[in-house]
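Just below is one structure, and these are the notes that go with it.
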Amino acid sequence: MKKSLKAALLPAVLSCSFVVAAPADVQSEPTQPRSGRGSRLPQTSMSDPAFRAADQGYKSYDRGDYAAAAALAQEAVRLSPSNREYRMLLVNALSAANRLAEAEQAITEGIQQAGDSGALQAQREPIRRRMAEEPAKAAYKALEQRDTEGAIANARTAVGYAPANRTYRMVLIYALLLGERFGEAEQAASELIAMMNRADTSPLVLRAYARQRLGRRAEAVADLDPALHQEGMTPEAHRSIHLIAADAALAAKEPQRALDLLSGFSQSADEQMARRRRAARAALIRPVAAAAEAVTTAPFDPPALDCSKAESEQQCALVPGAARDPALDLATVAYRDFARKDYQAAAAAAEQAVELSPDNRDFKMLLLSAQMNTEKYDQAEETATQALLHGDDAALLAQRGSVRRRLGKETLAREDFAAALRMGSLPPATEIRLLADLDRKPEARQRFDEALSSGGFAEVSDVEVAYLATRVGDDEEALAAFNRADASGTLPNTAYEDAAFAAVRAHHDAEALVYFERSIAEATALELRVTPQRLFETRRAVAEVSRQRGVIASQTYRGPVSGLGVAPSADTLQAGIEGYWRPFGYRNARYVELFARTFGSLYTRGSNSAFGDTLQTTVGIRHKLVSRANLVASFGRMFSRAGGRNDWLAQLGYSGGKGTDLRVDTQRWLTHGEVGRSRLMGGRDGRWVLFPHVSAAADYDSTAVQQNSAGIGPGVNSSRWFREDPEHAPRSYFELSLQYRFRLVGAQRAKGVFLTLTMTY
């Protein structure tokens with residue numbers, strides 16, 4: 038929206054027509070040949086070489102051979118430097134040959150070396166007027182091409198050559214106004230006012246414009262008032278000045294004054310008058326928010342300048358600038374509020390702008406964006422639908438589809454997305470997003486690759502390219518784009534975590550940790566707004582991605598043995614320990630672990646076996662098969678020193694749950710797997726968790742007499758988390774689990790007390 042609104046404002050500044058033609062007083066003034074030698078040369082002997090050169094010079098001049106005349110005159114002056122007639126011939130010949138700078142130099146040298154009776158000096162002003170013609174024409178051309186700096190430079194040169202020419206001064210003032218050099222324009226206008234005919238109000242009006250743009254509204258009014266009441270103006274000039282003054286009043290947020298200025302004119306079908314009246318009435322009914330800000334410096338179009346009909350007084354006519362759209366001020370406020378992320382205010386101002394200018398597509402898009410950001414999706418859908426009544430628009434269809442998806446209207450949203458794609462006029466980035474929204478990911482990836490290779494993202498920021506790459510599953514390119522944005526200083530801190538996860542998915546753990554830690558640092562410094570739980574989850578990600586090894590020690594009474602997942606068939610107290618290593622890193626949660634574990638029985642009812650005799654050791658490898666689920670395949674070799682089980686062990690296991698990690702955003706939470714509620718206990722550090730619950734368990738043991746068993750009962754877990762720092766969430770914990778189960782079916786092993794003590798490091 039930002040772009041479209043600027044495009045609406047820029048032409049308003051430069052749209053003033055500049056119709057300028059060089060007036061009569063600046064046309065060429067060729068020197069007329071003189072006839073009759075006697076009137077020009079004294080009766081001197083033809084034997085004088087200076088006389089002969091001058092005589093031939095006049096003859097060449099009379100024939101129109103000004104180059105030869107100038108050369109002969111220079112020779113005559115060289116031979117007789119004090120002769121004023123020869124110097125006058127030289128000046129006239131150079132002037133006629135259009136060698137104006139040389140002609141002016143010849144005047145200066147003639148006065149210095151031969152004195153002057155006034156004739157030489159009288160030639161200077163006409164020559165300088167002619168010298169002003171070329172820069173004046175260049176200034177007009179520069180204005181036609183909207184080259185304000187070129188126009189200013191050439192107009193200054195023209196004024197320097199012909200300071201009495203008011204037309205050139207008006208052109209200079211106008212060019213300075215277009216270049217927004219208001220202080221210089223005011224000074225130039227003041228200089229012209231000091232030398233002008235009081236009947237010419239144009240310099241006053243231009244100075245008023247400059248002063249208002251400088252924030253001096255009272256001085257601007259002081260210039261406008263005498264111009265408004267000038268006697269003897271033509272009806273057209275009278276109308277133009279009142280329209281210009283009304284524009285100034287509207288820009289100064291004085292709508293009633295604007296109406297008063299226009300009240301003396303009929304309510305006929307004059308569109309210029311009508312538009313300004315509508316703007317004034319709209320401002321009275323719906324005052325623009327924060328209108329007090331810089332009220333006298335609000336931008337508005339300068340009056341245009343028409344010097345094509347300048348008369349002998351050298352007056353140029355002023356033409357009112359283009360009337361502002363009555364909704365433009367409101368749209369400007371809406372855009373400003375949108376940029377400040379005050380979406381409520383932006384939506385209110387944009388809604389008023391649309392009411393005043395219902396056919397303006399840009400205003401509707403602004404309103405739609407503001408409504409979406411304020412989550413007014415019902416209103417946003419209606420805004421988009423009304424805008425589409427004027428004809429299908431791919432961008433609007435895409436926007437409405439996004440709104441409908443948020444409203445849960447998935448079928449309608451997909452219809453809008455498909456219709457927008459069929460129109461075929463969308464930018465590549467939008468097309469890719471819509472294909473992804475329609476679950477056409479292969480097409481989205483193909484379109485992304487095509488745009489990337491063909492330069493289709495030339496106008497798209499690296500950050501946006503990164504998110505597009507994420508949508509289509511190209512994590513390597515996403516990370517590269519995030520890195521480019523970071524290197525150029527355009528990566529916002531809100532994207533650090535997204536860049537980190539892109540690096541995780543691309544198996545670049547070291548880069549991921551850098552981005553995670555930067556996100557944590559920004560949040561800690563209050564430069565990034567995140568919830569405490571979100572910050573904790575980021576720290577948890579750092580702890581998981583950076584983990585390379587670990588140790589798990591446990592002691593259980595009638596609980597499942599680590600690595601087997603099956604409870605013993607008798608009352609048994611067991612202890613064990615496992616160590617593991619991830620040789621290839623995190624691999625987007627599809628890590629490979631080499632492990633070794635051993636466990637033994639400290640006590641078994643009805644058995645006198647020593648602990649050492651019961652030790653069972655397993656060495657193996659396991660692989661987490663998918664990123665989003667805890668599905669693990671394991672293969673290892675079991676062996677025992679005292680005649681226990683020696684065998685190969687292959688396992689495929691799945692586990693899941695909810696709420697089993699520590700939380701920092703609440704004192705209690707639901708935990709899934711074993712149903713209950715966890716709650717924080719103890720001191721302020723919030724690292725001791727109590728988990729009362731109800732547990733249901735069932736097992737199958739093909740080696741037991743009764744192979745099946747199932748039980749249910751209450752339990753309580755207590756855990757203590759530790760080993761954390763500002764970047765890492767707690768990486769270790771102790772946990773004590775105590776349960777009592779009632780047998781439901783099967784063997785008695787499902788009944789009784791179950792106790793587990795675990796330490797994970």
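Sequential numbering from 38 applies to the sequence shown in our numbering. Just so you know, even glycine gets a beta-carbon here, dropped at the ideal spot from N, CA and C.
Contact between the stretch 605-623 and the stretch 582-590 is present: three or more C-beta pairs spanning the two stretches fall below 8 Å. Taking the C-beta atoms as reference points, Thr797 is found no nearer than 9 Å to Tyr777. Secondary structure note for Lys413: it is in no beta strand (DSSP E), with a DSSP letter that is neither H nor E.
A residue is called buried when at least 16 other Cβ atoms come within 10 angstroms of its Cβ; Asp396 does not meet this threshold and is exposed. Within 10 angstroms of the beta-carbon of Pro86 lie fewer than 16 other beta-carbons, which makes it exposed.
Cβ-Cβ distances below 6 Å link Ala264 to Thr238, Leu241, Val242 and Ile278 in the same chain, with the five nearest sequence neighbours on each side left out; the list follows chain order. Residues Asn530, Tyr533 and Leu565 of the same chain have their beta carbon placed closer than 8 Å to that of Glu559, with the five preceding and five following residues left out of the count. Residue environment: Met460 is assigned as exposed (fewer than 16 neighbouring CB atoms within 10 Å of its CB, all protein chains considered).
DSSP places Asn745 inside the beta strand (DSSP E), whose first and last residues are Asn745 to Phe759. For Ala539, the number of other beta carbons within 10 angstroms of its own is at least 16, and it is reported as buried. When the five nearest sequence neighbours on each side are left out, the beta carbons in the same chain lying within less than 6 Å of the beta carbon of Val790 are those of Tyr777, in order along the chain. By the C-beta density criterion, Thr703 is exposed, having fewer than 16 other C-beta atoms within 10 angstroms. Per the DSSP secondary-structure output, Tyr640 pairs in a beta bridge with Leu610.
In the structure shown, Tyr798 falls within a coil segment according to DSSP collapsed to helix, strand and coil. Distance between Gln785 and Ser746, taken at the CA atoms: about 7 Å. DSSP, reduced to helix, strand and coil, places His275 within a helical segment of the structure shown.
With contact defined as three or more Cβ pairs closer than 8 Å, the stretch 282-293 and the stretch 354-371 are in contact. Exclusion of the five residues before and after Asp684 leaves Met675 as the residues of its chain whose Cβ lies within less than 6 Å of its Cβ. Here Ala134 has Tyr103, Ala104 and Ala107 as same chain residues with Cβ atoms under 6 Å from its own Cβ, once five neighbours each way along the sequence are excluded. Pairing Ala371 with Leu689, the inter-Cα distance amounts to about 59 Å. His765 and Phe728 have their C-alpha atoms roughly 24 Å apart. In the DSSP assignment, Lys96 falls within the alpha helix (DSSP H) that extends over Pro86 to Arg100.
Between the stretch 154-162 and the stretch 178-198 there are fewer than three C-beta pairs closer than 8 Å, too few to call the two in contact. If the five residues before and after Leu321 are omitted, its C-beta is found closer than 6 Å to the C-beta atoms of Pro292, all from its own chain and listed in chain order. Nearest C-alpha to Phe454 among Pro763, Leu475, Thr593 and Lys446: Leu475. Here Asp762 is exposed, its C-beta having fewer than 16 other C-beta atoms within 10 Å. Between Ala169 and Ala195, the gap from beta carbon to beta carbon is short of 9 Å. The three-state reading of DSSP puts Gly789 in strand, counting E and B together.
In chain order, Ala371, Asp374, Phe375 and Ala407 place their CB closer than 7 Å to the CB of Ala383, counting only its own chain and leaving out the 5 sequence neighbours on each side. In the three-state reduction of the DSSP assignment, Asp684 falls in the strand class. The shortest CA-to-CA distance from Asp736 to any of Asn667, Arg700, Ser583 and Arg595 is the one to Arg595. Taken atom to atom, the span from the alpha-carbon of His427 to that of Gln436 is near 16 Å.
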